[in-house]
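The next block holds one structure in the form of structure tokens; read it before the comments.
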Amino acid sequence: MSSEMRADRVKQPVRDVRSYRLPTEVIDPLRHGLPKVSSQTIAAIIREVPAYAEPFSGALGHKIARAVRAALGTFLNLVSRPGADPGTPMSSAIEAAYALGRGEARSGRSLDALLAAYRVGARVAWRGLAAISVEAGQPAATIADFAELVFAYIDELSAASVAGHADELAASGRIRRRRLQELAQALVAGEPAHVLQGLAEQAEWTPPQSLTALLLPERAARWVIDLLDPRTLQLAEAVPDMPGLTVLFVPDPQGCSRPTLNRLLTGHNVVIGPARPWTEARSSLDRAVRVHRLSPPDGGAVTDTEDHLAAVVVTADPSALADLRAWALTPLAGERGTAAAKLVETLRSWLLHHGRREDVAAELFVHPQTVRYRMARLRELYGDRLRDPQWVLALTIALAIPDA
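Numbering of the sequence shown is given in full-length UniProt numbering, commencing with residue 1 and proceeding in unit increments.
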């Protein structure tokens, strides 16, 4: 960002320090006393703004001290050059203040600390410079003008630093969001653990023990993410053939917190995958995708993949399941259309209810006598195979998923 653009962003002071000049007899005593005033200003900032005590004590402190002396020196240069173009020194000062603001943001110090340092610096610098002017016998009107110039100058510098601080936070926030996005993409891609560790470090993301994948509509993701762990990772359109869906990787929701997670997500058509070690989060997403294909949530339902493990296992190899079903239903090959379908649904219910006729009738909404009739027909077709454990197992698996 250019100095002109930065100047446009800062608040304009009551009096433009760049358009005012003080006579040499006023400036010379001030310039002579500048080192002492700078030292007093630095000491006051260290004493009154705790956030700066440690920075000033190290190598960085020497740089900041030089910056304070340079800022005060630039001010004296600005107000002591009648007829000179004030743009260059003021632009340099604003550039330095802007850079200071960005550096403070990178160092993790708050805007409050930075503004407090400016307030203390302005007060102490003015007190020191005013004392020099009084001692030099300057009239009250000149000292009053000088006071206005000092505070106008500090106001411009502080505004530039505020802009720099804000820009750095915005830039670092964008960079971190991009790096978190890259980490989420790497998790979805199933990248090796060492790659994921490196991306997590770059994103300053503290890995949890486990991650659980949530698959949900994008509009729902925008709402629920604020209810979840701040480390939750988000990636829209993570599954190419499922447009409109977003994946969230939620840290450590296993155990007693999983029911809580279910309650939080109620009303958002969410599929919850299993908890997995965080570097293996792809497998949680894979499970969520499979269950979503088997049983897409609707009406705001929350579908927990743990409630669908049998279906996941049974449908792991669809072609093998189709072959098994065709083989297991061979005895019904001679039955036609609706009759065959009714026999299949009755056989499935009979297997799942262990032959309890009343339960089968209740599930199928038919009379128990109808169940008795159909089972008699099935025994004719299957014979002793309905008492063979291997055949019962094959039929149970083949018919586990209705209309598979």
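Every residue gets a Cβ at the ideal spot worked out from N, C-alpha and C, and that includes glycine.
Predicted, not measured: the structure shown is a model, and the values here were computed from it.
Check the C-beta distance from Ser284 over to Arg293 and give it rounded, since I have them as a contact under 8 Å.
The residue given as residue 284 occupies position 284 in the sequence shown. The residue given as residue 293 occupies position 293 in the sequence shown. Contact doesn't hold; Cβ gap of about 15 Å is too wide.
Between Leu157 and the rest of its own chain, which residues show a CB-CB distance below 6 Å, the 5 nearest in sequence each way excluded?
Against the sequence shown, residue 157 aligns to sequence position 157. Around Leu157, the same chain offers Ala97 as residues with beta carbons nearer than 6 Å, after the five sequence neighbours per side are excluded.
Using C-beta distances below 6 Å, list every residue in its chain close to Ile42, excluding the 5 sequence neighbours before and after it, in chain order.
Position 42 of the sequence shown, counted from the first residue, corresponds to residue 42. Here the set comprises Ala65, Val68.
Do Val250 and Thr232 have their CB atoms nearer than 8 Å?
As a working mapping, residue 250 is identified with position 250 in the sequence shown. As a working mapping, residue 232 is identified with position 232 in the sequence shown. In this structure, Val250 sits near Thr232, with a CB-CB distance shorter than 8 Å.
Between the region 157–167 and the region 110–120, can you find at least three pairs of beta-carbon atoms closer than 8 Å?
yes
Sorted by chain position, which residues of the same chain lie with C-beta nearer than 6 Å to Val360's C-beta, five sequence neighbours on each side aside?
Position 360 of the sequence shown holds residue 360. Closer than 6 Å at Cβ, skipping near neighbours: Ser349, Trp350, His353, Val371.
Looking only at its own chain, which residues have a Cβ that is under 7 Å from the Cβ of Pro243, when we skip the five neighbours before and after it?
If you number the sequence shown from 1, residue 243 lands on position 243. Within the same chain, Pro243 has close Cβ partners Glu237.
With 16 other CB atoms within 10 Å as the buried threshold, where does Leu227 fall?
Here residue 227 refers to the residue found at position 227 of the sequence shown. Under this definition Leu227 is an exposed residue.
How many angstroms separate the CA atom of Arg258 from the CA atom of Glu182?
Position 258 of the sequence shown, counted from the first residue, corresponds to residue 258. Position 182 of the sequence shown, counted from the first residue, corresponds to residue 182. Taking the straight line joining both Cα atoms gives about 27 Å.
Which of the three DSSP states is assigned to Ser110 in this structure?
Reading the sequence shown from its first residue, position 110 is the one you call residue 110. Of the three classes helix, strand and coil, the one that applies to Ser110 here is coil, per DSSP.
Going by the DSSP bridge assignment, what does Val302 pair with across the sheet?
Along the sequence shown, read from residue 1 onward, the residue named residue 302 stands at position 302. DSSP lists Val270 as partners of Val302.
Do you know offhand how far Ala51's Cα is from His62's?
One-based indexing of the sequence shown puts residue 51 at position 51. One-based indexing of the sequence shown puts residue 62 at position 62. Each residue's Cα considered, the two are about 16 Å apart.
Mind checking whether Thr305 and Val271 have CB atoms under 8 Å apart?
Here residue 305 is taken as the residue at index 305 of the sequence shown, counted from 1. Here residue 271 is taken as the residue at index 271 of the sequence shown, counted from 1. A contact, by the Cβ cut-off of 8 Å.
Using only the alpha-carbon positions, how far apart do Phe365 and Thr315 sit?
Along the sequence shown, read from residue 1 onward, the residue named residue 365 stands at position 365. Along the sequence shown, read from residue 1 onward, the residue named residue 315 stands at position 315. Rounded to the nearest angstrom, the two C-alpha atoms are 27 Å apart.
Between the region 204–223 and the region 312–330, do at least 3 Cβ pairs fall closer than 8 Å?
no
From the DSSP output, in three-state form, read off Val250 for me.
As a first step, residue 250 must be located in the sequence shown, where it is residue number 250. Strand.
Sorted by chain position, which residues of the same chain lie with C-beta nearer than 8 Å to Gly128's C-beta, five sequence neighbours on each side aside?
Residue mapping note: residue 128 aligns to position 128 of the sequence shown, counting from 1. Gly33, Lys36, Val37, Gln40, Thr41.
Could you check whether Ala171 and Val150 sit closer than 8 Å to each other, using their CB atoms as the reference points?
Within the sequence shown, the letter at position 150 stands for residue 150. Within the sequence shown, the letter at position 171 stands for residue 171. Not a contact, by the Cβ cut-off of 8 Å.
Using the Cβ count rule (16 or more neighbours within 10 Å means buried), how would you classify Gln390?
Position 390 of the sequence shown, counted from the start, is the residue given in the question as residue 390. So Gln390 counts as exposed.
List the whole-angstrom C-beta distance separating Ala44 from Val120, where the pair is believed to meet the contact cut-off of C-beta under 8 Å.
Position 44 of the sequence shown, counted from the start, is the residue given in the question as residue 44. Position 120 of the sequence shown, counted from the start, is the residue given in the question as residue 120. Going by Cβ atoms, the distance from Ala44 to Val120 rounds to 5 Å, so yes, they are a contact pair.
Just grab the DSSP bridge partners of Pro217 for me.
For the purposes of this step, residue 217 is identified with residue 217 of the sequence shown, where counting begins at 1. According to DSSP, which records beta bridges pairwise, Pro217 is partnered with Leu245.
Using the DSSP secondary-structure output, state which residues sit across from residue 405 in a beta bridge.
This structure cannot speak to residue 405, because the chain is shown only from 1 to 404.
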